[in-house]
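Visitor: Take this structure first; my questions come after.
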Amino acid sequence: MKHPWQRWYKMTHPLPTAVLKGYGVYLPQKILLNADLPPALETSDEWIQQRTGIRQRHIAADSETTSTLAINAARNALENAGIAATSVDLILVATSTPDNTFPSVASKVQHGLQAYQAAAFDVQAVCAGFVYALATANSFIRSGQYKTILVIGAETFSRIVDWQDRSTCVLFGDGAGAFVLQAETTGRKGIINTHLYTNGAHTEMLYTDGGASSGDLVGKVRMNGKEVFKHAVEYMSAAAQHALDEANLTIEEIDWLIPHQANSRIIESVGKRLKIPAEKVVITVDSHANTSAASIPLAFHAAASAGKITAGQKVLLVAMGAGFTWGSAVIQL
Ligand code: ACO
588 MKHPWQRWYK MTHPLPTAVL KGYGVYLPQK ILLNADLPPA LETSDEWIQQ
638 RTGIRQRHIA ADSETTSTLA INAARNALEN AGIAATSVDL ILVATSTPDN
688 TFPSVASKVQ HGLQAYQAAA FDVQAVCAGF VYALATANSF IRSGQYKTIL
738 VIGAETFSRI VDWQDRSTCV LFGDGAGAFV LQAETTGRKG IINTHLYTNG
788 AHTEMLYTDG GASSGDLVGK VRMNGKEVFK HAVEYMSAAA QHALDEANLT
838 IEEIDWLIPH QANSRIIESV GKRLKIPAEK VVITVDSHAN TSAASIPLAF
888 HAAASAGKIT AGQKVLLVAM GAGFTWGSAV IQL
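Residues in the sequence shown are numbered from 588 upward in steps of one, following the working numbering.
Dropping the structure here:
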C-alpha cells in the first residue's frame, strides 16, 4: 500500500516518456548490384538473392566516413523533427566502424552539427547497436537527466569486409539512420519498453580478426554463417516475445515488426515464430544489405516515408549482432 504522499508525488511528477519526434537517413550515392560484384568472387545474383534476399548495397565514397554519413542522417532527422541542433542534450552513435579508434564518431557528429551543448558518445553493440543506443537514450530520458536525444546508427562495413571472401562481403552495405527522441510527460506516445541481452560465450562466431588492442590492423569480418543464422532467429524471436509480454500486448496489437536487416530468411523465420503476418514485417535488406547498427532506422524510414508507418501505431524493433548482443523495443508512435 502506497503512502498517500507517494501517490500524490507520482500523479504530480509523472516519469517522462521518450517520444519519437523525427527520423532521417543518409545512404551513399554509389550502389553496388550483385551482378556488379567482381567476377573473381565466383558468386551470382541468383545465389545471393536466394540465400539472403539481398539485391544491392550502398557503398561509401572515398571522401565519406562513418561520421559524414552520421552527420547527414542526423541533420535530416532534426529537420524532420523541426528541432534545432542547439536543443540536443545528448548524441549517441551506434557504430562498430568508427572513423578512428578514437575519438568517438559522436564527438565528430557534435562538431558537425555545431551542437556543442550536447554530451556525445558511441555505443558498440554491432548489429544490435541501434536498439542498445535507443535503450540508453530511453533510460536517460526516463531518469529526467536529458530532454532531447539524437540516436544514430551509422556504419561503413564496406571498409572492414574481406572483398576476397564471398561468404561475408556480399552481405554488408553502408548507411546511416537517426531518431530524435524528446521527453514528454503528457500523452500516450513514446517508448513502452526496451530489453537488452548479451551472451559473450559466442564471440568467435562473428568477429573481426584485428583491432586496437590485438593487432596493428582494424581486421576483417569473420563469421560462422550457419551458427549466426540459428542464434539470430532464436534470440530475436525470444526478445520480441519478451517485449510483448512485458508490455502486456499481443502480436495482433503490433502494427509493424522492424527487425535488424541481415537476411530475409532470418527475418521470415522470426516473423513466423512470432505469428505476425508477413505484410506487417518491414524488409529492406533487398536494397540496403546488412548495414549493422544503421539497419533498423533505415528500415523504419523506408516504411514511414512510404506512408506505411503512421502516427498512433505501435512498432516492435528487434536486433541481434556479434557478441552476441541482442535486444528489443516497443514504441507507441
Ligand atoms: N556465392 C556463392 N556461393 C557461396 C557464397 C556466395 N556469396 N557464399 C558461400 N557460398 C558457398 C559456400 O562456399 C558453400 O559451398 P560448398 O558447399 O561448396 O562448401 C555453399 O555456398 C553453402 O554455404 P553455406 O555457408 O552452407 O550457406 P548457407 O545456406 O548457410 O548461407 C549465409 C550462407 C547466407 C551466410 C547464411 O549462413 C547466413 O545468412 N547467415 C547469417 C549471417 C549473417 O546474416 N551475418 C550478418 C551479421 S550478424 C547479424 O546481422 C544477425
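A virtual CB, placed ideally from N, CA and C, is assigned to each residue, including glycine. Just so you know, these numbers come straight off a predicted model, no measurement behind them.
#1: Where DSSP assigns a beta bridge to threonine 655, which residues make up the other side?
#2: Which of helix, strand or coil does DSSP assign to asparagine 786?
#3: For a test of the three-state rule: what should DSSP assign to glycine 760, helix, strand or coil?
#4: If we ignore side chains and look at the alpha-carbon of each, how far apart do glycine 802 and isoleucine 618 end up?
#5: Using 8 Å as the threshold, is the C-beta distance between valine 692 and alanine 657 below it?
#6: Compare the C-alpha of threonine 684 against each of Leu836, Ala705, Thr878 and Ala890 and name the closest.
#7: For tyrosine 794, which beta-bridge partners are listed by DSSP?
#8: Are proline 603 and glutamate 833 touching if we call contact CB-CB under 8 Å?
#9: Measure the C-alpha to C-alpha separation of leucine 903 and threonine 897 and round it to an integer number of angstroms.
#10: Answer yes or no: the CB of asparagine 786 versus the heavy atoms of the ligand ACO, is any distance below 7 Å?
#11: So, for alanine 891: in the same chain, excluding its five sequence neighbours on each side, which residues have a beta-carbon less than 7 Å away from its beta-carbon?
#12: Looking only at its own chain, which residues have a Cβ that is under 8 Å from the Cβ of aspartate 842, when we skip the five neighbours before and after it?
#13: Rounding to the nearest angstrom, what Cα-Cα distance links aspartate 632 and arginine 644 in this structure?
#14: By how many angstroms is the C-alpha of glutamate 791 removed from the C-alpha of glycine 640?
#15: Pick helix, strand or coil for serine 745, following the three-state DSSP scheme.
#16: Sorted by chain position, which residues of the same chain lie with C-beta nearer than 6 Å to proline 601's C-beta, five sequence neighbours on each side aside?
#17: Which residue's Cα is closest to the Cα of isoleucine 918: Leu831, Gly894, Gly716 and Gln616?
#18: Going residue by residue through the segment 591–630, where are the continuous beta strand (DSSP E) segments of at least 3 residues, counting only ones entirely within it?
#19: Per DSSP, which one or two residues make a beta bridge with alanine 846?
#20: Does the beta carbon of lysine 813 fall short of 7 Å from some heavy atom of the ligand ACO?
#21: Could you please give the first and the last residue of the uninterrupted alpha helix (DSSP H) stretch that includes valine 696?
#22: Whose C-alpha, out of Glu629, Ala886 and Asp873, is nearest the C-alpha of tryptophan 750?
#23: Check the C-beta distance from phenylalanine 717 over to glycine 740 and give it rounded, since I have them as a contact under 8 Å.
#24: Quick check: the segment 754–767 against the segment 653–671, are at least 3 beta-carbon pairs closer than 8 Å?
#25: Drop a sphere of 10 angstroms on the beta-carbon of aspartate 761, count the other beta-carbons inside from all chains shown, and report buried for 16 or more, exposed for fewer.
Guide: Taking the structure as given:
#1: Paired residue(s): none; threonine 655 is not in a bridge.
#2: Of the three classes helix, strand and coil, the one that applies to asparagine 786 here is coil, per DSSP.
#3: If DSSP states are grouped into helix, strand and coil, glycine 760 belongs with coil.
#4: 32 Å
#5: One thing to note: valine 692 has its Cβ within 8 Å of the Cβ of alanine 657.
#6: Thr878
#7: Arg809
#8: no
#9: 14 Å
#10: no
#11: Tyr610
#12: Closer than 8 Å at the Cβ level, and outside the excluded window around aspartate 842, lie Lys867, Ile896, Gln900, Lys901 and Val902.
#13: Between the C-alpha atoms of aspartate 632 and arginine 644 there is a straight-line separation of about 12 Å.
#14: Rounded to the nearest angstrom, the two C-alpha atoms are 25 Å apart.
#15: helix
#16: Thr772
#17: Leu831
#18: Counting only runs of 3+ residues, the beta strand (DSSP E) found wholly inside the segment 591–630 occupies 604–613 and 617–620, in chain order.
#19: The question names alanine, yet the displayed sequence has proline at residue 846. Bridge partners of proline 846: Val905.
#20: The answer is yes for lysine 813.
#21: 692–700
#22: Glu629
#23: 4 Å
#24: yes
#25: Of the residues assessed, aspartate 761 falls on the buried side of the cut-off, its CB having 16 or more other CB atoms within 10 angstroms.
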